[in-house]
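J.: Got a structure for you, questions after.
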Amino acid sequence: MKRVLSYLLAAVVVLIIGGAFFYLYKKSKAKPVVFQTETAEMADITKKTVATGSIVPRREVEVKPKVTGVLTELYVDPGAKVKVGDPLGKISIIPDAMQINQAESGVRTAQIAFDNAKRELQRNEELYKKGVVPDAELQKYRTEFALRQQELTTAGSNLQLVKEGATRSQGKSSTLIVTATSTGMVIDVPVKVGFSVIQANNFNPGTTVATVADMDDMIFEGRVDEAEVAKIKEGMKLAIKVGAIEKEMLDGKLEYISPKGKTIDGAIQFEIKAAVTPKPGLQIRANYSANADIVLDEKKQVLAIREALVQYNGDKPFVEVETAPQTFVKKDIQLGLSDGIKVEVVSGVTKADKIKVPETAGPPGMMGPGGKGPPKK
Numbered sequence: 007m008k009r010v011l012s013y014l015l016a017a018v019v020v021l022i023i024g025g026a027f028f029y030l031y032k033k034s035k036a037k038p039v040v041f042q043t044e045t046a047e048m049a050d051i052t053k054k055t056v057a058t059g060s061i062v063p064r065r066e067v068e069v070k071p072k073v074t075g076v077l078t079e080l081y082v083d084p085g086a087k088v089k090v091g092d093p094l095g096k097i098s099i100i101p102d103a104m105q106i107n108q109a110e111s112g113v114r115t116a117q118i119a120f121d122n123a124k125r126e127l128q129r130n131e132e133l134y135k136k137g138v139v140p141d142a143e144l145q146k147y148r149t150e151f152a153l154r155q156q157e158l159t160t161a162g163s164n165l166q167l168v169k170e171g172a173t174r175s176q177g178k179s180s181t182l183i184v185t186a187t188s189t190g191m192v193i194d195v196p197v198k199v200g201f202s203v204i205q206a207n208n209f210n211p212g213t214t215v216a217t218v219a220d221m222d223d224m225i226f227e228g229r230v231d232e233a234e235v236a237k238i239k240e241g242m243k244l245a246i247k248v249g250a251i252e253k254e255m256l257d258g259k260l261e262y263i264s265p266k267g268k269t270i271d272g273a274i275q276f277e278i279k280a281a282v283t284p285k286p287g288l289q290i291r292a293n294y295s296a297n298a299d300i301v302l303d304e305k306k307q308v309l310a311i312r313e314a315l316v317q318y319n320g321d322k323p324f325v326e327v328e329t330a331p332q333t334f335v336k337k338d339i340q341l342g343l344s345d346g347i348k349v350e351v352v353s354g355v356t357k358a359d360k361i362k363v364p365e366t367a368g369p370p371g372m373m374g375p376g377g378k379g380p381p382k383k
């Protein structure tokens, strides 16, 4: 009986050990790798760089008052369309004490000179009648009188202008009314009724009453990194995507590239400007944020593959082409234009070739890490 139990125990141990070895053997046996394949196809390839910026009017005019005073009336709101000469607001003059004092002093000085010239003319006219003063001498006094009379009139007008903003000859002053100096749309009115406004002078740019812009002539203003600026040139086409407008792309044409870069967030960037082609019925507002794709190169309907399928031997590109089920051979290829996802194949493969998808390439439609380009030297 003991011998039977010993045999049974030994058999159980053998079965356990054998089962463990069989399990480990099955687990360690690797499954064969089955590689997927893709074929080359005809495709459009566009190489581009992206510029960030905004859509702005080409011309913005800040309208400033001709006199200093208080804004008593406003005739327009943002969005109003105006023409040159249309009234935008009205200003009430607040005379400056120093200017008034200077103007009054000028009137008094001119009055004294006028009175003196008048007396001299009257005295010499009496002498002329007696034949003491010749005609030429009398004419000098008449000219002097006329000049002093004009100076007095000018001084009086200047005093009235300082006090009221108008002269007798002007009647109702145009300087009291702020008028549009450009045709377009009012896009900003930064002041309100009751605000003090200042005319432009050598020491002050003046107060902006309204900003008028031509909203039918818009441009894209953006920035390009220094690594990309050498690849672009004036005249290139842009595809502009406005963030606030879904499913709409605007066409543009590059007009300007700044000759000097600026440091922005630690990187050197260059300003660019591009004319925007308007679309009927599509309203573009000033300062819309936008991104512009600048087309560097473009090819239509060329033989192309995913760049992730390309492998490199040094700096020589190749792909693996299937010659039998799951049997591949290397074929050198010549590459052309690439957009970072698809790459043109100039020679080496045809549309009929089945190209091996490397394990690092990822599924079709994805930019896998296999498309990393030739190794850096």
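Mapping of the sequence shown onto our numbering: residues 7 to 383, in sequence order.
Where is the CB? At the ideal position from N, CA and C, for every residue including glycine.
#1: On the three-state DSSP scale, how would you describe D321?
#2: For A103, tell me which candidate among L80, F120, T74 has the shortest Cα-Cα distance.
#3: Determine the contact status of V184 and L256, defining contact as a CB-CB distance below 7 Å.
#4: Give a yes or no on whether the C-beta atoms belonging to Q57 and I278 are separated by under 7 Å.
#5: Skipping 5 residues on each side, what residues in its chain have a beta carbon closer than 6 Å to that of Y147?
#6: If E68 and T214 are in contact, beta carbons under 8 Å, what's the gap, nearest whole angstrom?
#7: Quick one, are the C-beta atoms of P71 and I97 less than 7 Å apart?
#8: Hey, is the region 328 to 345 in contact with the region 82 to 90, meaning 3+ C-beta pairs nearer than 8 Å?
#9: In this structure, does DSSP put F209 in helix, strand or coil?
#10: Run through DSSP, which three-state label would L133 get?
#11: Assign K146 to one of three DSSP states: helix, strand, or coil.
#12: My output table needs one value for G112: the three-state DSSP class, helix, strand or coil.
#13: Nearest-angstrom Cα distance between G137 and V168?
#14: Excluding the 5 residues flanking S344 on each side, which residues of the same chain have their C-beta closer than 8 Å to its C-beta?
#15: Which value, in whole angstroms, describes the spacing of the CA atoms of G249 and S295?
#16: A296 bridges to which residues according to DSSP?
#17: Looking at C-beta atoms only, is the number of pairs between the region 261 to 277 and the region 223 to 236 that lie closer than 8 Å three or more?
#18: Do A219 and L165 have their CB atoms nearer than 7 Å?
#19: Using the three-state DSSP reduction, which class does V352 fall into: helix, strand or coil?
#20: Following the continuous beta strand (DSSP E) through E227, name the residue where it begins and the one where it ends.
#21: If you compare alpha carbons, which of V308, E252, I361, K266 is closest to V316?
#22: Using beta-carbon positions only, say whether E227 and V62 come within less than 7 Å of one another.
#23: Roughly how many whole angstroms lie between the Cα atoms of K322 and K336?
#24: Let me check understanding here. Comparing Cα to Cα, which of I311, G320, T366 lies closest to D359?
#25: Kindly list the residues whose CB is nearer than 8 Å to the CB of A123, restricted to its own chain and excluding five residues on each side of it in sequence; keep chain order.
#26: Determine the contact status of V282 and I225, defining contact as a CB-CB distance below 7 Å.
#27: Give me, in chain order, the residues of the same chain whose beta-carbon lies closer than 6 Å to that of G212; leave out the 5 immediate sequence neighbours on both sides.
#28: When DSSP builds the beta bridges, which residues end up paired with A216?
#29: Report buried or exposed for F120, applying the criterion of at least 16 other Cβ atoms within 10 angstroms of its Cβ.
T.: With the structure as the only source:
#1: Residue state, collapsed to three classes: coil.
#2: T74
#3: no
#4: Checking the sequence shown, residue 57 turns out to be Ala, not Gln. Yes, they are a contact pair.
#5: So the qualifying residues of the chain are E126, L127, N130.
#6: 4 Å
#7: yes
#8: Here the region 328 to 345 makes no contact with the region 82 to 90; the two share fewer than three CB pairs at distances below 8 Å.
#9: Three-state result, F209: coil.
#10: helix
#11: K146: helix per DSSP, three-state reduction.
#12: helix
#13: Taking the straight line from one Cα to the other gives about 47 Å.
#14: So the qualifying residues of the chain are I51, K53, E313, E350.
#15: Each residue's alpha carbon lies about 6 Å from the other.
#16: G59, V248
#17: yes
#18: Contact: no.
#19: strand
#20: 224 to 231
#21: I361
#22: yes
#23: Taking the straight line from one Cα to the other gives about 12 Å.
#24: Selected option, being the one with the closest Cα: I311.
#25: Setting aside the 5 residues that flank it on each side, A123 is surrounded in the same chain by Y147, E150, F151, L153, R154, Q155, each with a C-beta closer than 8 Å to its C-beta; the list follows chain order.
#26: yes
#27: K70, I204, Q205, A206
#28: V69
#29: buried
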